[in-house]
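Data first, discussion second: the structure below is written as structure tokens.
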Amino acid sequence: MPLYLIRHAPRANLIFSNVIAALLANSILFNIPLYFQAVLLTSATSSGLRLIIPTIASSFTGTLVGFAVTWTGRLKWPVMSGTIFLLIGTIGLSTLRRDLPSPIYLLILLPSSIGQGFQFPGTFMAILAASAQTEQAVVTSTLMLWRSLGMVLGVASSSLVVQNALLHYLNVFVQGDEREDVIRRVRASVEEVLKLEPHYREQVVKSYEAALRLTFICCTFFALLSVLLVLPIKLPRLGVRKHRSR
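Count the sequence shown with my numbering and you get residues 16 to 261, in order.
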């Protein structure tokens, strides 16, 4: 991988913002079903079905981006829009509560999904337009490599935050004679939450809610960083190729 691709704007900014987008996408995809199961106490099937409409929204947005870029000839706005929608989405997720109306939990997933639909195809088109034709194969493979890294980091890092935060909050909130057994059971399987006595269940749900909120707050920080990476870059108009990028 040529190191100059990750050292100079605008391609370095596009690559790293894309890494963050992949990290956020997988963090949300990995943890929002856990929120539905452990905090809202829904089934695994119901939790998965809640992701269908956001997934469709992401695909639909990605399709529209191609037509819109062709019409406007401008390449920065999809990437910028993607980072802003991801920031709005992560802020929304970090404010989730148990007492919200059911449709809100669906609507609050849409901004981050729309952000992915803007940013992934937008970044791909932008980085190709910012590269000479002889570099496009290398640039494409580099972008895919770093995006894959972001996907792995999204699951690994968010899992690390959730598990450590959950242990902390369980030790803080869970009280009673069976405290140690309850903590052991709910850390082993989220399905154990529904089997607990109401007294312990409320304490465990509160612990999961706090741990997942902290995770989404961390996602908000990365989403803001992505906005700051994309904000200063300048990109050519569609059809105007940059012949020298180094």
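Each residue gets a CB set at the ideal place from its N, CA and C atoms; glycine is no exception.
As the structure is a computational prediction, the values presented were derived from the model and not from experiment.
In this structure, DSSP gives alanine 27 a helical state, which the three-state scheme calls helix. Residue nearest to alanine 53 within the set Gly97, Val208, Val176, Leu229 is Val208 (criterion: CA-CA distance). Here the alpha carbons of leucine 49 and aspartate 192 stand approximately 27 Å from one another. Excluding sequence positions up to five before and after valine 187, its CB lies within less than 8 Å of the CB of Ser222, all in the same chain and listed in chain order. Between the alpha carbons of valine 176 and tryptophan 86 lies a distance of about 42 Å. Inclusion of asparagine 33 and leucine 158 in the CB contact set at 9 Å is warranted, their separation being smaller than that value. The C-beta distance from threonine 235 to serine 128 rounds to 16 Å, too long to meet the 8 Å contact threshold. Taking the C-beta atoms as reference points, arginine 113 is found no nearer than 9 Å to valine 197.
Per DSSP, glycine 81 is one residue of the alpha helix (DSSP H) stretching across 67-87. If you draw a straight line from the Cα of threonine 105 to the Cα of valine 170, it comes to about 16 Å. Within its own chain, the residues whose Cβ lies closer than 7 Å to the Cβ of isoleucine 232, once the five positions on either side in sequence are excluded, are Ser109, listed in chain order. Setting aside the 5 residues that flank it on each side, phenylalanine 45 is surrounded in the same chain by Gly169, Val170, Ser173, Ser174, each with a C-beta closer than 8 Å to its C-beta; the list follows chain order.
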